[in-house]
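Colleague: Residue numbers (the numbering used here), protein chains in the order written: chain A, 334 to 669; chain B, 141 to 530. Here a beta-carbon is modelled for each residue, glycine too, at the ideal position from N, C-alpha and C. Computed from a prediction, not measured in an experiment: that's the story for all the values here.
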Amino acid sequence: MSIFINSAAQISTQNPLDDSFFAHAVECTQKYCRAVEADYRQFVSPGAARRMGPLLKRAVATTVTALGKTGIANPDAIICGTGLGCIENTEKFLTSMIENGETCMQPTLFINSTHNTIASQVATFLKCNGYNSTFAHLGISFESALMDAVMMLETGQIGNALVGAHDEMTPTYFKLFEKVDYWQAPHGECSVSFVIGNERTPDSLCRLLDVDLFHSSDIGQVLQRALRFLVKNGLEPSGIGLAVTGRNGDTRYDGSYDSLLAGLFPEGVAECRYKHVFGESFTAPAYGLLLGSLILFNGTVPETFLYGGKPSGGCDTILCINSFKSKDWSFILLGK
Amino acid sequence: MGVVSALGNGVEEHLRALLEQRSGIGKMKYLGSVHDDLPVGEVQMSNEELCEAIGIGYDERYTRTALLGALAVREAVREAGLDRRHGSHIALVSGTTVGGMDKSEALYEESLKGDCDTGFIKTQDCGTTTEFAIECFPLFDMTTTISTACSSAANAIMFGANLIRTGRYDAVVVGGSECLTKFHLNGFNSLLILDHEQCRPFDESRAGLNLGEGAGYLVLESEDSVRENGISPLCELKGYGNACDAFHQTASSSDGQGAYLSMCKALADSGLAPEDIDYVNAHGTGTPNNDQSEGVALERVFGVGKMPPVSSTKCYTGHTTSASGGIEAVISILALRNSFCPVNLNFRKRIEGLSFSPVSEPCRKELRNVLSNSFGFGGNDSSVIFSKAE
Numbered sequence: 334m335s336i337f338i339n340s341a342a343q344i345s346t347q348n349p350l351d352d353s354f355f356a357h358a359v360e361c362t363q364k365y366c367r368a369v370e371a372d373y374r375q376f377v378s379p380g381a382a383r384r385m386g387p388l389l390k391r392a393v394a395t396t397v398t399a400l401g402k403t404g405i406a407n408p409d410a411i412i413c414g415t416g417l418g419c420i421e422n423t424e425k426f427l428t429s430m431i432e433n434g435e436t437c438m439q440p441t442l443f444i445n446s447t448h449n450t451i452a453s454q455v456a457t458f459l460k461c462n463g464y465n466s467t468f469a470h471l472g473i474s475f476e477s478a479l480m481d482a483v484m485m486l487e488t489g490q491i492g493n494a495l496v497g498a499h500d501e502m503t504p505t506y507f508k509l510f511e512k513v514d515y516w517q518a519p520h521g522e523c524s525v526s527f528v529i530g531n532e533r534t535p536d537s538l539c540r541l542l543d544v545d546l547f548h549s550s551d552i553g554q555v556l557q558r559a560l561r562f563l564v565k566n567g568l569e570p571s572g573i574g575l576a577v578t579g580r581n582g583d584t585r586y587d588g589s590y591d592s593l594l595a596g597l598f599p600e601g602v603a604e605c606r607y608k609h610v611f612g613e614s615f616t617a618p619a620y621g622l623l624l625g626s627l628i629l630f631n632g633t634v635p636e637t638f639l640y641g642g643k644p645s646g647g648c649d650t651i652l653c654i655n656s657f658k659s660k661d662w663s664f665i666l667l668g669k
Numbered sequence: 141m142g143v144v145s146a147l148g149n150g151v152e153e154h155l156r157a158l159l160e161q162r163s164g165i166g167k168m169k170y171l172g173s174v175h176d177d178l179p180v181g182e183v184q185m186s187n188e189e190l191c192e193a194i195g196i197g198y199d200e201r202y203t204r205t206a207l208l209g210a211l212a213v214r215e216a217v218r219e220a221g222l223d224r225r226h227g228s229h230i231a232l233v234s235g236t237t238v239g240g241m242d243k244s245e246a247l248y249e250e251s252l253k254g255d256c257d258t259g260f261i262k263t264q265d266c267g268t269t270t271e272f273a274i275e276c277f278p279l280f281d282m283t284t285t286i287s288t289a290c291s292s293a294a295n296a297i298m299f300g301a302n303l304i305r306t307g308r309y310d311a312v313v314v315g316g317s318e319c320l321t322k323f324h325l326n327g328f329n330s331l332l333i334l335d336h337e338q339c340r341p342f343d344e345s346r347a348g349l350n351l352g353e354g355a356g357y358l359v360l361e362s363e364d365s366v367r368e369n370g371i372s373p374l375c376e377l378k379g380y381g382n383a384c385d386a387f388h389q390t391a392s393s394s395d396g397q398g399a400y401l402s403m404c405k406a407l408a409d410s411g412l413a414p415e416d417i418d419y420v421n422a423h424g425t426g427t428p429n430n431d432q433s434e435g436v437a438l439e440r441v442f443g444v445g446k447m448p449p450v451s452s453t454k455c456y457t458g459h460t461t462s463a464s465g466g467i468e469a470v471i472s473i474l475a476l477r478n479s480f481c482p483v484n485l486n487f488r489k490r491i492e493g494l495s496f497s498p499v500s501e502p503c504r505k506e507l508r509n510v511l512s513n514s515f516g517f518g519g520n521d522s523s524v525i526f527s528k529a530e
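(1) Buried or exposed, going by whether 16 or more other CB atoms sit within 10 Å of the CB of residue 179 of chain B?
(2) Quick one: which unbroken beta strand (DSSP E) runs of 3-plus residues sit fully inside the stretch 461-513 of chain A? Chain order, please.
(3) Figure out for me which residue from A:352, A:336 and A:668 has the closest Cα to the Cα of residue 525 of chain A.
(4) Taking the DSSP output, what are the residues bridged to residue 541 of chain A?
(5) Kindly say whether residue 421 of chain B, judged by its beta-carbon, lies nearer than 7 angstroms to any beta-carbon of chain A.
(6) Please report how far the alpha carbon of residue 340 of chain A lies from the alpha carbon of residue 636 of chain A, in whole angstroms.
(7) Once the 5 residues before and after residue 309 of chain B are set aside, which same chain residues still bring their CB inside 6 angstroms of it?
(8) With a Cβ-Cβ cutoff of 7 angstroms, do residue 393 of chain A and residue 443 of chain A count as a contact?
(9) Please confirm whether residue 420 of chain B and residue 511 of chain B have their CB atoms less than 7 angstroms apart.
(10) Can you name the residues of chain A whose CB is closer than 9 angstroms to the CB of residue 331 of chain B?
(11) Over what stretch of residues does the beta strand (DSSP E) that includes residue 576 of chain A continue unbroken?
(12) Going straight from the alpha carbon of residue 469 of chain A to that of residue 432 of chain B, what length do you get?
(13) Quick check: the stretch 407-422 of chain A against the stretch 480-499 of chain A, are there 3 or more CB pairs under 8 angstroms?
(14) According to DSSP, which residues form a beta bridge with residue 384 of chain B?
(15) Looking only at C-alpha atoms, which of B:148, B:275 and B:286 sits nearest to residue 417 of chain A?
(16) So, at 8 angstroms on beta carbons, what are the nonlocal neighbours of residue 326 of chain B in its own chain, with the 5 sequence-adjacent residues on each side left out?
(17) Within a Cβ cutoff of 6 angstroms, which residues of the same chain sit near residue 427 of chain B, ignoring the five residues on either side of it in sequence?
(18) Quick check for students: name the residue ranges of the alpha helix (DSSP H) that lie wholly in the stretch 313-366 of chain B, counting only runs of 4 or more.
(19) May I ask you to report which of helix, strand or coil DSSP gives residue 652 of chain A?
(20) At the level of alpha carbons, what is the spacing between residue 283 of chain B and residue 444 of chain B?
(21) Helix or strand or just coil, what does DSSP make of residue 220 of chain B?
(22) With a cut-off of 8 angstroms, do at least 3 Cβ pairs link the stretch 572-582 of chain A to the stretch 620-628 of chain A?
(23) As a quick exercise: from B:452, B:262 and B:343, pick the residue whose alpha carbon is nearest that of residue 158 of chain B.
(24) Suppose you measure from the CA of residue 300 of chain B to the CA of residue 194 of chain B; what does that come to, to the nearest Å?
(25) What residue does the beta strand (DSSP E) around residue 260 of chain B start on, and which one ends it?
(26) So with Cβ pairs under 7 angstroms, would you call residue 523 of chain B a contact of chain A?
(27) Are any of the Cβ atoms in chain A nearer than 7 angstroms to that of residue 441 of chain B?
(28) When you compare only the Cα positions, how much space is there between residue 401 of chain B and residue 407 of chain A?
(29) Quick check on residue 243 of chain B: buried or exposed, where buried means 16 or more other Cβ atoms within 10 Å of its Cβ?
(30) Tell me whether residue 447 of chain A is buried or exposed, calling it buried when 16 or more other Cβ atoms sit within 10 Å of its Cβ.
(31) Is residue 458 of chain A helix, strand or coil when you go by DSSP?
(32) Verify the CB distance criterion: does residue 385 of chain A have a CB-CB separation below 7 angstroms to chain B?
(33) Looking at chain A, which residues of the stretch 384-402 of chain B have a Cβ within less than 8 angstroms of any of its Cβ atoms?
(34) Could you list which residues in chain B have their beta carbon closer than 8 angstroms to that of residue 460 of chain A, in chain order?
(35) Do residue 361 of chain A and residue 612 of chain A have their beta-carbon atoms positioned less than 7 angstroms apart in this structure?
(36) For residue 300 of chain A and residue 601 of chain A, what's the separation of their Cα atoms in angstroms?
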């Protein structure tokens, strides 16, 4: 059985809800880059919008846009990855609890603070009774959600899925992250929705061959795992035309990409990166998948994203690699 | 399997409390909330004592969800003998929602003002809580965390089972962990769904839930792995289903559509008919809304007059939120293996409009298939079926 990425939509540092970043990407020049908001009036009524935080509005807008491209009104599954959930509401509830000594608490803030608020409110918005889940595990939150969808497609439990990646970065959280030197990279936000399924459509972006997750800070073990992953999918490293990595400029961790790529591709491999454009966030690897899908769909590799030389040959198979602090690894294999 | 809750530390203490019909819900001792008149199901161990039980040195930065999780994971991997196997290729899939909120709520205010330690921000998220168990027991080469509020652990069981079904893993540890925090106690309190008395699931007079804390994990293994390692399994994970109520962020639909669908999916997945189910461990929180909605869903699945024994065990442990699907999986398996249906405590009068009452007298009977429900905010409904191993 084959799995296809049938559509995608993003709200990020780039022009919202289109793929114009592919040709005209704007790099993050600040340490803190918030998302460019879309016009939400076409997606939710003003009344409903007032009850939604910014992250939820982004999720609804990317969901509706991605589903709209496929003609699917009601997906078999809605699965989201989010590192922190609706952290703005969490902060407000926490602050109010501390300031008011656990009195006069507003239920709405609490209701909208849980991580699963996004996937479940999207389901309520679409009136979708299908499978619904949320993954919240640091830098592999999105890939976990993707893996969940892939496994259910492989076993025939579903035929299609909406898979989302959603994280916001509030000024308070940015300040706290800065204090502990969490990421030496631009802090971004993320809202990307993909529709994947077991049927090819005229607009399918690419094939989603497989996903793997690995927990280890031993680069030798990571290399073995990556090789095993390729072999499982009938591939050798030489069959990979391009690596899309989560390299973010953080000198503490970027070296692990160098070591892994050197071990995996002794002859070298063309590499793309994307976090200098979209910023780092727990679910940023979704942008890697988006970029890889568009490269396969368009058949070109934009200069802005290249790290080093262009691919020497054709680029039919892409390996997306992300490492969260060199210990939580994800591999996504894409084919034309 | 491994478990810790207000009923005690370990599987044996849970079995004894259930058979003796002894609730662990009582007066607040550790949480330190101003709402200390609310009964809670606290684990009767301090964080220092939890560290000692895990076998690690105490550090005040450790979050309680992480400690509870590590303690239950420890029991599960030891009982299954995973810690004695070489070349481990094992995944840990855990559910939590509060994560490290216990430390954050204690330090957040100060941290925004000045230069005090803001290290808590590194452990506030859910994933770090799960990774704590991996650091304690270096057996795992993959991990992830599911956060679907009160059905998190049930969904972790399903994801882990899919890792085995698709051939990615032969052994996985699955479940969930959650400690009490002022954050979610105040959240539930603001929704007016906490009972100031002991909770009374499926009783006409029910007035809300009591929060609890704890952790519960199962070791799932493929048939091949069971055979190769000469293991006699505790039971078979026969089927599972997940559906979304898609109705309201905190309320369940009056016809229990999400719950109905998740139970139907689990039955279809297991290949069993409704009449094959011998006991239902209900979600049964004790809120007016949940028990009515779940009751209607149960009637739709099993049929009026054909209800198998149903009980909620949240009157023993409190509602342990993200951990409940793990703790209640352990309880369901204990029921299956020890041939009893746990008594639903504090029941007096059947809910008006429902055709059935929960198990209210000691009930010893042979069980072949047990269904466990876990429903979360947002209508994240999941059902899991455990069966006698053949």
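Modeller: On the basis of the data shown:
(1) buried
(2) 464-468 and 493-500
(3) A:352
(4) A:667
(5) no
(6) 23 angstroms
(7) 231 and 303
(8) no
(9) yes
(10) 440, 443 and 444
(11) 575-578
(12) 31 angstroms
(13) yes
(14) B:520
(15) B:286
(16) 173 and 175
(17) 333, 348 and 349
(18) 322-330
(19) strand
(20) 42 angstroms
(21) helix
(22) yes
(23) B:452
(24) 24 angstroms
(25) Run containing residue 260 of chain B: none; DSSP gives neither H nor E here.
(26) no
(27) no
(28) 16 angstroms
(29) buried
(30) buried
(31) helix
(32) no
(33) 384, 385, 386, 387, 388, 389, 390, 397, 398 and 401
(34) 386
(35) yes
(36) The structure shown does not extend to residue 300 of chain A, since chain A is modelled only from 334 to 669, so the question has no answer here.
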